[in-house]
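> In the numbering used here, the protein residues as written are 464 to 574.
The beta-carbon is built from N, C-alpha and C at its ideal position, and this holds for glycine as well.
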């Protein structure tokens with residue numbers, strides 16, 4: 464048995480199911496993340512990340528995409544403050560162009 468996304472500290476899209484409940488356990492933070500394949504810092508991006516619990520399970524670090532970030536910001540106010548702590552959102556999916564191809568993208572709707 465291998466160690467896949469379910470054993471990672473990161474909340475990757477493939478571990479979510481439509482309708483999962485995501486609880487924010489902190490206010491989140493901005494981070495510089497290397498998206499380059501070689502991990503040589505040639506494709507650094509500033510992303511918003513927060514520690515979350517999925518369906519009351521173990522903690523994962525979730526990188527919030529722009530679509531979900533805008534929706535949650537409208538509902539809960541500025542990111543990177545404690546206003547998001549304890550808030551819950553419902554997971555869903557949409558398809559959109561990302562990294563040059565159509566991909567299944569996680570979306571979060573505030574509860």
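(1) Measuring CB atoms only, is the segment 547 to 562 touching the segment 483 to 496, in the sense that at least three cross pairs come out at less than 8 angstroms?
(2) Roughly how many angstroms lie between the CA atoms of residue 569 and residue 501, to the nearest whole one?
(3) Exposed or buried, what is residue 547 when buried is set at 16 or more other beta-carbons lying within 10 Å of its beta-carbon?
(4) How long is the line joining the alpha carbons of residue 507 and residue 494, rounded to whole angstroms?
(5) Using DSSP bridges, identify the partner residues of residue 566.
(6) Let's test the definition: count the other Cβ atoms within 10 Å of the Cβ of residue 558 and tell me whether it reaches 16, buried, or not, exposed.
(7) Taking 9 angstroms as the cut-off, decide whether the C-beta atoms of residue 577 and residue 496 are in contact.
(8) Can you tell me which of 533, 512 and 534 puts its alpha carbon nearest to the alpha carbon of residue 524?
(9) For residue 511, which of helix, strand or coil comes out of DSSP?
Put simply:
(1) yes
(2) 25 angstroms
(3) buried
(4) 10 angstroms
(5) 559
(6) exposed
(7) No answer is possible for residue 577: it lies beyond the span of the chain, which begins at 464 and ends at 574.
(8) 512
(9) strand
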